[in-house]
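What follows is a set of notes on a single structure, which appears directly below.
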Amino acid sequence: MAKKGAIIGSGLGGLSAAIRLAHLGYQIDLFESNFDAGGKANQFIIDDFRFDLGPSLLTMPFVIKDLFADVDENLEEFLTLRKLDVICKYLYSDGTTINIYPDREKTANEIAKKTFDSKKSVIKYLKYCEKIYDLTAELFLFKDFSDPKTFLNLKALKTLMQVYKIDPFRTMHEANSNFFNDPKTVQLFDRYATYNGSNPYKAPATLNIIQHVEIGLGGYIPEGGIYSISKALYNLALKKGVNFHFDSKVEKILTDNNSVKGISVNGKDLKYDFVLSNADVNKTYKEQLKEKKLKSAEKYSKLNPSSSALVFYWGVKIEENDLEIHNILFSENYQKEFLQLFEEKICPDNPTIYIYISSKYNRSDAPTGYENWYVMINAPYIDGQNWDDEIKRAKENILNKIKSILGIDLNNKIVTEKILSPLEIESITGSEKGSLYGISSNSRNAAFSRQTNKSKELDHLYFCGGSAHPGGGIPLVILSGKIASESIIKSEILSTDK
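Using the numbering used here, you'd call the opening residue of the sequence shown number 75 and step up by one each time.
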């Protein structure tokens, strides 16, 4: 008889694991509290404007290609990806504009032309970022931290012997300031800390790996927007025989001593051989496992969450403009911005603004003569703020900055609006305190603090997703599902043979 597994949550991590397991013959039931699959990588449509809910940029597309190839399917039959010519346009308050390209030489030329830093210094820096990737990716992104064998091979030993080369003892800002003289260049590369909800003034310089992932490996957009990835994985999961149960909130993970036996859904107890939680780790411990006094739960609850986001989805009536699909309007005082985010826990007075306009590629995302502006600022995680006041203040600051830097007055151009605050992020996605990436990476040992994909305290319990190893972001959560599924295959087969 096939082994039966329950997966809690249909985010990209849960879908990734479900596909792999079902392909191998496991009987998989996937339970989702919402009415459709995708988690944070969902979409919504209002007044003929389509918006991606959360993630907006795809990197490391080989991770998705590998998923399809591993289950004997062709990605191109489910999803069309386009490599961006310009990854992001950066705009500063003094009028400086810098485009970042998926090309080391082109990016270095652009920065050298627009700042006081040389092409040589940019090339040297990007090679340094690539070196961090080469030394860490196999160990920190692709392997299971709960398996001691991960650290007992030549590649792992090579990384550990060259730990100084992955730069864990400086902060990102310290490292970037050492490479560059121009504050604009430093700020540009400091921003990559926000890709996992962290503070460049505290996060280890090892996170400069992210720059290589984007510039060295390229940024992509799917035809139909990021939601197309969720749709493709959902359709693939259906093809592989995964059973979906929507509008089905898992109330409890059933245990017997230190072993998981199943789940409780809508008041019914269901038996399973194993359970994989794609839900937020803290929420899993506090809600589905609240009766268990686990050391992991106590430890994890003490870790600081990553930052959250405040997003304004605006349908905008607008003339031609020279914005790209991805755009950044920089804060004039970056250090103060992160102080307000992580210490004062308020939305910044002078925020860095991210503007994502998918209709510049997918024209059907907005009516003719209009654009769909996804306007986001970093926001603190939930900690007693008055979010009505925060939203009102943030919107005013955003509109003023857009008018100042872009010369566009949006006050009479916004025809439809939807707002996503940390409160909605928590209620819709289940993310603890509205955190986007689980715990923050504002410490040297953050990578080792994340929840392992296999529970160390409960047999037959596994984790995947943005709050588990290896972290948040589209490719990493898909990898998280892969690592969790590999752990399940290994462990559950062993238990069958006993």
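All C-beta atoms in this analysis are idealised placements derived from N, C-alpha and C, irrespective of residue type, glycine included.
G389 places its beta carbon less than 7 Å from that of Y444. For A542, the secondary structure class from DSSP, reduced to helix, strand or coil, is strand.
Q236 is bridged by DSSP to nothing; it lacks a bridge partner. In this structure L228 is exposed. Its beta-carbon is surrounded by fewer than 16 other beta-carbon atoms within 10 angstroms.
Shown here, D343 sits in a strand according to DSSP, grouped into three states. The three-state reading of DSSP puts H400 in strand, counting E and B together.
The Cβ-Cβ distance between C203 and Q117 does not fall below 7 Å.
Segment contact: the region 235 to 250 against the region 145 to 163, fewer than three CB-CB distances shorter than 8 Å; contact not assigned. For E464, the uninterrupted alpha helix (DSSP H) run begins and ends at W461 to L480, by DSSP. In the three-state reduction of the DSSP assignment, V349 falls in the strand class. A straight line joining the alpha-carbon of D218 with that of S501 spans about 30 Å. The Cβ-Cβ distance between P274 and P242 does not fall below 7 Å. Rounded to whole angstroms, K369 and N527 show a C-alpha spacing of 16 Å. E372 sits in a helix when the DSSP states are folded into three classes. In chain order, K193 place their CB closer than 8 Å to the CB of N183, counting only its own chain and leaving out the 5 sequence neighbours on each side. DSSP places E445 in the uninterrupted beta strand (DSSP E) bounded by Y444 to A453. E411 is a Cβ neighbour of S405, given a cutoff of 7 Å. For S559, the uninterrupted alpha helix (DSSP H) segment begins and ends at I548 to D571.
When the Cα atoms are used, I429 and D330 turn out to be separated by approximately 49 Å.
Annotation for R178: L200 place their beta carbon closer than 6 Å to its own, counting only its chain and skipping 5 residues before and after. Its chain contains P379, Y455 and I456 as the residues whose beta carbon lies nearer than 6 Å to that of K507, once the 5 sequence neighbours on both sides are disregarded; these appear in chain order. Measuring C-alpha to C-alpha distances from V339 to each of D347, K326 and S523 identifies K326 as the nearest.
When secondary structure is reduced to three states using DSSP, T526 falls in the coil class, being assigned neither helix nor strand.
Around the Cβ of K314, a 10 Å sphere holds 16 or more other Cβ atoms; the residue is buried. Burial is judged here by how many other beta carbons sit within 10 angstroms of a residue's own beta carbon; R265 has at least 16 and is buried.
By the neighbour-count criterion, in which 16 or more other beta carbons inside 10 Å mark a residue as buried, D343 falls on the exposed side. With contacts defined as CB atoms closer than 7 Å, L497 and W447 fail to qualify as a contacting pair. One alpha carbon belongs to Q459, the other to L231, and they sit about 46 Å apart. A Cβ-Cβ separation of about 7 Å places I82 in contact with V349 under the 8 Å criterion. The residues L328, T329 and K345, in chain order, have a CB closer than 7 Å to that of K335 in the same chain once the five nearest residues on each side in sequence are set aside. In this structure, I300 lies near D126, with their beta-carbon atoms less than 7 Å apart. Excluding the 5 residues flanking it on each side, A371 has same chain C-beta neighbours closer than 6 Å at Y359, in chain order. Per DSSP, L86 lies in no beta strand (DSSP E); the unbroken alpha helix (DSSP H) holding it starts and ends at L86 to H97.
Note on A143: under 16 other CB atoms within 10 angstroms of its CB, so exposed under the neighbour-count rule. Here E491 is bridged, per DSSP, to W388.
If you draw a straight line from the Cα of V260 to the Cα of E531, it is about 43 Å long.
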